[in-house]
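Residue numbers (the numbering used here): 651 to 958.
One structure is given here, and the rest of the page talks about it.
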Ligand code: B12
Ligand code: SF4
Ligand code: SF4
């Protein structure tokens, strides 16, 4: 077997064993088509106060500038679709991705294991692990590697498992066999655009980040503008509306990652429990969750914002 194929097969098999949903590989190169799109998005200030999006423009578009000598981008998906959602339909909502342990920790550990495996089985390979926070266009790489297509809500979707998964990557200086993109299956559907409570999907494939509930409830440090009062549809941390209405998410399958299971009390919290939440309860329920990012004061701000 040619070594490229052998290494590719080894990496894919190990990624599966580590619990990743799928693994796709692309040549590390400049993303020519994305450059004007990212530039336009930034020029239109669609990143709002997420100033980190303005940094490292060149590196964000070219992994060889981010990881010197890199040859391949190995994209990986990790499912977070939960078995159960909170039982009180009147209670404020948090996004499914934040129910359990913060995915940054869970995925980073898994990526390190995959990199260790590469070192053991293949040898001296220089590589770095990325999940979410680095200047990498996660969705674009995953789509390029055939793991799914970018839907009109701008998230990555697959026909067999929908879109409720995280994307991460290893960028390595090892040549591998590369995958091809898949086809787009949004067709004439516009459900996500129509359902978005704040009309943040300003045109197909383009989300104005500064209008998204996820931005207001997680990223925005200051006061939430009064202009969006009444439009939050009870979301207090993130928002799943554009994914919940997507017909492809009928095919979501629940994850089997114990670390993503919620604290049992989260599932039974009522509207009253949320309104009366104390810092002690917050620390207990969200001990390791991404919700900690807003801090107690941020979550209280978001809960208060729902009230008239
Ligand atoms: C900044 C950010 C946000 C911002 C801005 C959202 C956005 N769409 O950019 C905010 C805070 C709003 C946000 C919200 C959410 N996010 Co977010 N976010 C990111 C982050 C850090 C960067 C994304 C980015 O580069 N945006 C810049 C803009 C320019 O990129 P873009 O939206 O992809 O835009 C592209 C399209 O416009 C496209 N385009 C333009 N024209 C055309 C035409 C065609 C035909 C096509 C195909 C494409 C296309 O080109 C642009 C550049 O490639 C990534 C992690 C990462 N490092 O990639 C996570 C990430 C995208 N987020 C993620 C998630 C889960 C969410 C939420 C679902 C969380 C939640 N439940 O609240 C929401 C979903 C909102 C939505 N509909 O996008 C996941 C997505 C997983 C997936 N299945 O796709 C990521 C990949 C994190 C991760 N590692 O798993 N997020
Ligand atoms: S996450 Fe919510 S607010 Fe953001 S684009 Fe999707 S539906 Fe709109
Ligand atoms: S809701 Fe429809 S348009 Fe939006 S991403 Fe899903 S299939 Fe595509």
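Virtual Cβ for every residue (Gly too), placed ideally from N, Cα, C.
Classify residue i as buried or exposed, calling it buried when 16 or more other Cβ atoms lie within 10 Å of its own Cβ.
{"i": "residue 694", "result": "exposed"}
{"i": "residue 893", "result": "buried"}
{"i": "residue 769", "result": "exposed"}
{"i": "residue 820", "result": "buried"}
{"i": "residue 727", "result": "buried"}
{"i": "residue 912", "result": "buried"}
{"i": "residue 818", "result": "buried"}
{"i": "residue 696", "result": "buried"}
{"i": "residue 640", "result": "Look at the range of the chain in this structure, 651 to 958, and you will see that residue 640 is not part of it."}
{"i": "residue 732", "result": "buried"}
{"i": "residue 667", "result": "exposed"}
{"i": "residue 748", "result": "buried"}
{"i": "residue 746", "result": "buried"}
{"i": "residue 867", "result": "buried"}
{"i": "residue 671", "result": "buried"}
{"i": "residue 655", "result": "exposed"}
{"i": "residue 759", "result": "exposed"}
{"i": "residue 955", "result": "buried"}
{"i": "residue 838", "result": "exposed"}
{"i": "residue 906", "result": "exposed"}
Less than 8 Å between the CB atoms is what I'm expecting for residue i and residue j, so what's the real figure, rounded?
{"i": "residue 803", "j": "residue 782", "result": "So it is not a contact: roughly 18 Å between Cβ atoms."}
{"i": "residue 720", "j": "residue 714", "result": "5 Å"}
{"i": "residue 890", "j": "residue 847", "result": "Not a contact, Cβ separation roughly 11 Å."}
{"i": "residue 620", "j": "residue 939", "result": "Residue 620 is absent from the model: the chain starts at 651 and stops at 958."}
{"i": "residue 692", "j": "residue 703", "result": "7 Å"}
{"i": "residue 990", "j": "residue 767", "result": "Since the first residue of the chain shown is 651 and the last is 958, residue 990 is not available in this structure."}
{"i": "residue 775", "j": "residue 823", "result": "6 Å"}
{"i": "residue 674", "j": "residue 725", "result": "5 Å"}
{"i": "residue 789", "j": "residue 800", "result": "6 Å"}
{"i": "residue 787", "j": "residue 777", "result": "Actually they do not touch by this definition, with Cβ atoms about 18 Å apart."}
{"i": "residue 705", "j": "residue 653", "result": "Not really, about 37 Å apart at Cβ, beyond 8 Å."}
{"i": "residue 910", "j": "residue 750", "result": "4 Å"}
{"i": "residue 855", "j": "residue 944", "result": "Not a contact, Cβ separation roughly 28 Å."}
{"i": "residue 947", "j": "residue 698", "result": "That belief does not hold up - the Cβ atoms of residue 947 and residue 698 are roughly 20 Å apart, past 8 Å."}
{"i": "residue 657", "j": "residue 826", "result": "6 Å"}
{"i": "residue 862", "j": "residue 850", "result": "4 Å"}
{"i": "residue 743", "j": "residue 898", "result": "Not quite, the Cβ-Cβ distance comes to about 21 Å (not below 8 Å), so this is no contact."}
{"i": "residue 841", "j": "residue 756", "result": "At roughly 30 Å, the Cβ-Cβ gap does not stay under 8 Å, so residue 841 and residue 756 are not in contact."}
Tell me, which residues are paired with residue i by DSSP?
{"i": "residue 723", "result": "676 and 821"}
{"i": "residue 780", "result": "819"}
{"i": "residue 729", "result": "815"}
{"i": "residue 957", "result": "In DSSP, residue 957 forms no bridge with anything."}
{"i": "residue 744", "result": "887"}
- Item | Segments assigned beta strand (DSSP E), at least 3 residues, entirely inside the region 875 to 904 | Segments of the beta strand (DSSP E) lying fully in the region 875 to 904: 885 to 887.
- Which runs of the beta strand (DSSP E) spanning at least 3 residues fall entirely within the region 787 to 868, listed in chain order? The region 787 to 868 contains, as complete beta strand (DSSP E) runs of 3+ residues, the segments 815 to 822 and 851 to 853 (chain order).
- Message: Closer than 8 Å is the cut-off here; do at least three beta carbon pairs connect the region 791 to 805 with the region 820 to 838?
- Response: Enough Cβ pairs lie closer than 8 Å, so yes.
- Message: For the structure I just gave you, are there three or more beta carbon pairs, one from the region 895 to 908 and one from the region 808 to 825, closer than 8 Å?
- Response: Between the region 895 to 908 and the region 808 to 825 there are three or more inter-stretch CB-CB distances shorter than 8 Å, so the stretches are counted as touching.
- Task: Count the CB pairs spanning the region 875 to 882 and the region 925 to 932 that are closer than 8 Å, and state whether there are at least three.
- Result: The region 875 to 882, when compared against the region 925 to 932, does not touch it at the 8 Å Cβ threshold.
- Item | the region 680 to 689 contacting the region 739 to 750, beta-carbon criterion three pairs below 8 Å | Cβ pair count under 8 Å is below three, so no.
- Query: At what residue ranges does the region 676 to 703 contain a whole run of the alpha helix (DSSP H), taking only runs of 4 or more?
  - Reply: Whole alpha helix (DSSP H) segments, 4+ residues: 684 to 693.
- Quick one: any contact between the region 931 to 951 and the region 837 to 845, if contact means 3 or more CB pairs under 8 Å? The region 931 to 951 vs the region 837 to 845: no contact.
- Could you name each continuous alpha helix (DSSP H) segment of 4 residues or more that falls completely within the region 906 to 946, going from the start of the chain to the end? Positions of the alpha helix (DSSP H) runs, each at least 4 residues long and wholly inside the region 906 to 946, are given as 914 to 917, 921 to 925 and 929 to 935 in order along the chain.
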